[in-house]
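Asks: If you want the numbering used here, it's the 1-based position in the sequence shown plus 38. Submitted below is the structure of interest, expressed as structure tokens.
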Amino acid sequence: MGRNKAAIPKHFSDCMFNLQAEGSKSYFSNCNISEWNFEDYANHFAAENLSHDTIKNNYNNDLIWLLKCDLPREVISYIGRLQKKFREDKDNTIRPQQKPNSTIVIQGDNSCMVNNGTINNNSKRPYNDDNDNDSAPVNKQQKTTDAVDDFFSNNISHHSNDECVSLPDTNGVLAYKEIHIGEEPKEDCSELAKKFYHYKKAVKELAKKKKLFYDTHVNEVMTLNHCLLLKRHQYSGIQKQIFDPDFLASIHSHILNENCSYGSEVDIEFSLDDPVPNVIIMLKNVNKLLCDYEPFTFQYRFIRCIQNIPETNAKERACRTKRVARQDAVLSKIDSLSFSGSKMFGEVKGGDANDQLCAIDLVRLAKFAKDTIDTTRIDKVMVFHAVANIQYEMYNLGTSVTFYNVLLYDEGVYVVAELHKISLPTSQQEAPKLLDQIDKLYNIYIELQKTSTLDADFFDRCTRETTDTPVLDQILEKSQAKRVCLVHFN
Numbered sequence: 039m040g041r042n043k044a045a046i047p048k049h050f051s052d053c054m055f056n057l058q059a060e061g062s063k064s065y066f067s068n069c070n071i072s073e074w075n076f077e078d079y080a081n082h083f084a085a086e087n088l089s090h091d092t093i094k095n096n097y098n099n100d101l102i103w104l105l106k107c108d109l110p111r112e113v114i115s116y117i118g119r120l121q122k123k124f125r126e127d128k129d130n131t132i133r134p135q136q137k138p139n140s141t142i143v144i145q146g147d148n149s150c151m152v153n154n155g156t157i158n159n160n161s162k163r164p165y166n167d168d169n170d171n172d173s174a175p176v177n178k179q180q181k182t183t184d185a186v187d188d189f190f191s192n193n194i195s196h197h198s199n200d201e202c203v204s205l206p207d208t209n210g211v212l213a214y215k216e217i218h219i220g221e222e223p224k225e226d227c228s229e230l231a232k233k234f235y236h237y238k239k240a241v242k243e244l245a246k247k248k249k250l251f252y253d254t255h256v257n258e259v260m261t262l263n264h265c266l267l268l269k270r271h272q273y274s275g276i277q278k279q280i281f282d283p284d285f286l287a288s289i290h291s292h293i294l295n296e297n298c299s300y301g302s303e304v305d306i307e308f309s310l311d312d313p314v315p316n317v318i319i320m321l322k323n324v325n326k327l328l329c330d331y332e333p334f335t336f337q338y339r340f341i342r343c344i345q346n347i348p349e350t351n352a353k354e355r356a357c358r359t360k361r362v363a364r365q366d367a368v369l370s371k372i373d374s375l376s377f378s379g380s381k382m383f384g385e386v387k388g389g390d391a392n393d394q395l396c397a398i399d400l401v402r403l404a405k406f407a408k409d410t411i412d413t414t415r416i417d418k419v420m421v422f423h424a425v426a427n428i429q430y431e432m433y434n435l436g437t438s439v440t441f442y443n444v445l446l447y448d449e450g451v452y453v454v455a456e457l458h459k460i461s462l463p464t465s466q467q468e469a470p471k472l473l474d475q476i477d478k479l480y481n482i483y484i485e486l487q488k489t490s491t492l493d494a495d496f497f498d499r500c501t502r503e504t505t506d507t508p509v510l511d512q513i514l515e516k517s518q519a520k521r522v523c524l525v526h527f528n
């Protein structure tokens, strides 16, 4: 091939992608994208005694397959440049296999069936014209053969050979993925539902024009999952353009009035029962009982049956071991021997965490809570966000824990409302300060008991589908450079 190579995206030059593939396609999973060019590909498969034509055909087919994989936009553009350069190079031109009359050729393997006879693809086939184009004239094709055309035109052929289809190099959200902001609210919906839908449309248009940042656009990122973040006097510019801050403050106050009780008197002798039994102690007691009875007696077998009771929530616990789906803390209600559903999620960050990492945690918490509401139809889910060892100049401000209530509030609106913020003491001397906040902790405990099931009609009308993570990844900037953050996490 020529000396000029396709430019590699600098942010992905050393990246490897875990692509589920077999055969020659597995090559792209076992090397970084700097080795996806034809030279490295051919050198790799040359040791397998494959002919040059076979390697070229495999490479061309593998690039077509890569274009349809769920990869970042920059990588898709790079694959398009690789394909363009591969086809432009005369030494690597892939000519279509001619199909004689009354002959059926099935491509894919080295061996093909032709009129019940077997031939080998590696053998040379005659061509009528040595100056054939790389592909048949477009107006004679029955369907599009260009992979890029096929990818973007949904199998609609172009009418001119001069047309050029190129992969988009702009940061368009809709380049090959669509963000669904849900259906528009009904005409008789509330003012909040109408304005929030306009807010989602504005965020969608913003994401089509530029990258979003977790910290600077934390309100907007949550909006794409239909979540409205409410923290007092902390609104983004787009929010202020669409909503009156007093209007948002009134909604926040309404939620606080419904879910918080300030100035309540707590009985100092009140004690919270441990909702989770000490499984270790229970198992020790059962094992002791086994020693008191002879094997194979009725009592012995009965106790063994108790030991063999399976964990009904094993699948749920296994799910939480996945890195992307695991929270730092989960509180679930136990009914008999099984978990009935999660009621609280929590994320914890150290004092050295920047605003971006804290914003990511808050977005994750909102998504976990929303998915729980959608799955269990519970009316609300509580989340907490803890930032530990906050440093301010020469002072250690300790750990700040912020509690939020997430609830399906209106048509297409999941509200994430800040309830309480609690500062944990940093020393024994500051321990009495925790007593000043005991009312808040007690209120949180009481609110966890006040859960109910949403009305079926209200749920069906108001719920919206969660935007999947790959779509969000395309529009979010992963850089951790310090930027302005409109939300205070401590």
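Using N, Cα and C, we set each Cβ at its ideal position, and we do this for glycine too.
1) Look at the alpha carbon of Thr-410 and the alpha carbon of Ala-85, and state the distance between them as a whole number of angstroms.
2) Quick one, which of Cys-396, Asn-323, Glu-456 and Glu-73 has its alpha-carbon nearest Phe-50's?
3) In this structure, what does DSSP give as the bridge partners for Phe-285?
4) According to DSSP, is Lys-63 helix, strand or coil?
5) I'd like to check one pair, Asn-257 with Tyr-235: are the Cβ atoms closer than 9 Å?
6) Roughly how many angstroms lie between the CA atoms of Ile-476 and Leu-250, to the nearest whole one?
7) Thinking just about the alpha-carbon of each residue, which of Arg-502, Tyr-483 and Gln-365 is nearest to the one in Gly-450?
8) Among the residues of its own chain, which have a CB less than 8 Å from the CB of Lys-242, if the five just before and after it don't count?
9) So, is Gln-58 buried or exposed, given that buried needs 16 or more other C-beta atoms within 10 angstroms?
10) Tell me the DSSP bridge mates of Ile-416?
11) Is Ser-291 buried or exposed, if buried means 16 or more other CB atoms sit within 10 Å of its CB?
12) Give the C-beta separation of Thr-440 and Ala-426 to the nearest angstrom, bearing in mind that I take them to be a contact with Cβ-Cβ under 8 Å.
13) Kindly list the residues whose CB is nearer than 6 Å to the CB of Glu-497, restricted to its own chain and excluding five residues on each side of it in sequence; keep chain order.
14) Skipping 5 residues on each side, what residues in its chain have a beta carbon closer than 7 Å to that of Ile-513?
15) Using the three-state DSSP reduction, which class does Phe-383 fall into: helix, strand or coil?
16) Using only the alpha-carbon positions, how far apart do Leu-445 and Cys-523 sit?
17) Between Leu-403 and Val-421, how many whole angstroms is the CB-CB distance? I'm expecting something under 8 Å.
18) With Asp-52 and Pro-508 assumed to form a contact (beta carbons below 8 Å), what rounded beta-carbon distance in angstroms separates them?
19) Just to check my reading of the structure: Ala-424 and Gly-384 have Cβ atoms closer than 8 Å, yes? What is that Cβ distance to the nearest angstrom?
20) Would you mind reading off the limits of the beta strand (DSSP E) that contains Val-451?
21) Pull up the distance between the alpha-carbon of Met-260 and that of Trp-103, whole angstroms please.
22) Work out the CA separation of Ile-46 and Glu-77 for me, nearest whole Å.
23) Specify the secondary structure class of His-255 as computed by DSSP and reduced to three states.
24) Rounded to the nearest angstrom, what separates Tyr-442 and Lys-459 at their Cα positions?
25) On the DSSP bridge list, what partners appear for His-423?
26) For a test of the three-state rule: what should DSSP assign to Ala-469, helix, strand or coil?
27) Please state whether the Cβ-Cβ distance between Gln-345 and Val-324 is less than 9 Å.
28) Assuming contact is defined by CB atoms lying nearer than 9 Å, are Ile-71 and Ala-80 in contact in what I supplied?
29) Determine the DSSP secondary structure at Ser-274, reduced to helix, strand or coil.
30) Which same chain residues, not among the five before or five after Lys-239, have their C-beta less than 8 Å away from its C-beta?
31) Count the other CB atoms, across all protein chains shown, that sit within 10 Å of the CB of Tyr-483; report buried if there are 16 or more and exposed otherwise.
32) In three-state DSSP terms, what is Val-241?
33) Once the 5 residues before and after Gln-121 are set aside, which same chain residues still bring their CB inside 6 Å of it?
34) Quick check: the Cα distance between Gly-379 and Leu-400, rounded to an integer number of angstroms?
Replies: Inspection of the coordinates gives the following:
1) By one-based count along the sequence shown, residue 410 stands at place 372. By one-based count along the sequence shown, residue 85 stands at place 47. Looking at the backbone, the Cα of Thr-410 and that of Ala-85 are separated by about 52 Å.
2) Locating residue 50 in the sequence shown gives position 12, counting from the first residue. Ranking Cys-396, Asn-323, Glu-456 and Glu-73 by Cα distance to Phe-50 puts Glu-73 first.
3) Within the sequence shown, the letter at position 247 stands for residue 285. None, per the DSSP bridge assignment.
4) Start at 1 with the first residue of the sequence shown, and residue 63 comes out as number 25. Helix, per DSSP.
5) As a working mapping, residue 235 is identified with position 197 in the sequence shown. As a working mapping, residue 257 is identified with position 219 in the sequence shown. No, they are not a contact pair.
6) The residue labelled residue 476 in the question sits at position 438 within the sequence shown. The residue labelled residue 250 in the question sits at position 212 within the sequence shown. Straight-line Cα distance between these residues: approximately 39 Å.
7) In the sequence shown, counting from the first residue as 1, residue 450 sits at position 412. Closest option to Gly-450, Cα to Cα, is Arg-502.
8) The residue you call residue 242 lines up with position 204 of the sequence shown. Take Lys-242, set aside five residues on each side of it, and the residues of its chain with a beta-carbon closer than 8 Å to its own are Val-211, Ile-217, Ile-219 and Leu-262, in chain order.
9) The count along the sequence shown starts at 1 and reaches residue 58 at position 20. Exposed, because fewer than 16 other Cβ atoms sit within 10 Å of the Cβ of Gln-58.
10) For the purposes of this step, residue 416 is identified with residue 378 of the sequence shown, where counting begins at 1. Its beta-bridge partners are Thr-491.
11) Taking the first residue of the sequence shown as 1, we reach residue 291 at position 253. Flag for Ser-291 reads exposed.
12) Here residue 440 corresponds to residue number 402 of the sequence shown, with the count starting at 1. Here residue 426 corresponds to residue number 388 of the sequence shown, with the count starting at 1. Between the beta-carbon of Thr-440 and that of Ala-426 there is about 12 Å, and that puts the pair past the 8 Å contact cut.
13) Working through the sequence shown from its first residue, we reach residue 497 at position 459. Sequence check: residue 497 is Phe here, not Glu. Short of 6 Å from the beta carbon of Phe-497, and not among the five residues preceding or following it, lie these beta carbons of its own chain, in chain order: Arg-415.
14) Taking the sequence shown and counting its residues from 1, one reaches residue 513 at position 475. If we look at Ile-513 and ignore the five residues flanking it on each side, its Cβ neighbours are Val-211, Ala-245, Lys-249 and Leu-250.
15) Your numbering for residue 383 matches position 345 in the sequence shown. Note: Phe-383 maps to strand in three-state DSSP.
16) Residue 445 sits at position 407 when you count from the first residue of the sequence shown. Residue 523 sits at position 485 when you count from the first residue of the sequence shown. Answer to the nearest angstrom: the Cα atoms are 25 Å apart.
17) Within the sequence shown, numbered from 1, the residue matching residue 403 stands at position 365. Within the sequence shown, numbered from 1, the residue matching residue 421 stands at position 383. Contact check for Leu-403 and Val-421: beta-carbon distance about 4 Å, within the 8 Å limit, so the pair qualifies.
18) The residue given as residue 52 occupies position 14 in the sequence shown. The residue given as residue 508 occupies position 470 in the sequence shown. Cβ-Cβ separation between Asp-52 and Pro-508: approximately 21 Å, too far for a contact (criterion under 8 Å).
19) On the sequence shown, residue 424 is found 386 positions in, with the first residue counted as 1. On the sequence shown, residue 384 is found 346 positions in, with the first residue counted as 1. Rounded, the Cβ-Cβ distance is 7 Å, consistent with contact.
20) The residue you call residue 451 lines up with position 413 of the sequence shown. Residues 451-462.
21) Locating residue 260 in the sequence shown gives position 222, where the first residue counts as 1. Locating residue 103 in the sequence shown gives position 65, where the first residue counts as 1. Met-260 and Trp-103: Cα-Cα distance of roughly 33 Å.
22) Walking along the sequence shown from the start, residue 77 turns up at place 39. Walking along the sequence shown from the start, residue 46 turns up at place 8. Just so you know, the alpha carbons of Glu-77 and Ile-46 end up roughly 15 Å apart.
23) Position 217 of the sequence shown, counted from the start, is the residue given in the question as residue 255. Coil, per DSSP.
24) By 1-based counting over the sequence shown, the position of residue 442 is 404. By 1-based counting over the sequence shown, the position of residue 459 is 421. Approximately 9 Å between the Cα atoms of the pair.
25) To locate residue 423, count along the sequence shown from 1; it is residue 385. His-423 pairs with Glu-385 and Thr-440.
26) Here residue 469 refers to the residue found at position 431 of the sequence shown. Three-state result, Ala-469: coil.
27) Here residue 345 refers to the residue found at position 307 when the sequence shown is read from its first residue. Here residue 324 refers to the residue found at position 286 when the sequence shown is read from its first residue. Taking 9 Å as the Cβ cut-off, Gln-345 and Val-324 qualify as a contacting pair.
28) To locate residue 71, count along the sequence shown from 1; it is residue 33. To locate residue 80, count along the sequence shown from 1; it is residue 42. Inclusion of Ile-71 and Ala-80 in the CB contact set at 9 Å is not warranted, their separation being larger than that value.
29) For the purposes of this step, residue 274 is taken as the residue at position 236 of the sequence shown. Note: Ser-274 maps to coil in three-state DSSP.
30) Taking the sequence shown and counting its residues from 1, one reaches residue 239 at position 201. Hits under 8 Å: Ile-219.
31) As a working mapping, residue 483 is identified with position 445 in the sequence shown. Per the 10 Å Cβ criterion, exposed.
32) As a position in the sequence shown, residue 241 is number 203, starting the count at 1. Helix at Val-241.
33) Locating residue 121 in the sequence shown gives position 83, where the first residue counts as 1. Taking C-beta separations shorter than 6 Å and ignoring five residues to either side along the sequence, the partners of Gln-121 in its chain run Leu-101, following chain order.
34) The residue labelled residue 379 in the question sits at position 341 within the sequence shown. The residue labelled residue 400 in the question sits at position 362 within the sequence shown. Computed Cα separation, rounded: 21 Å.
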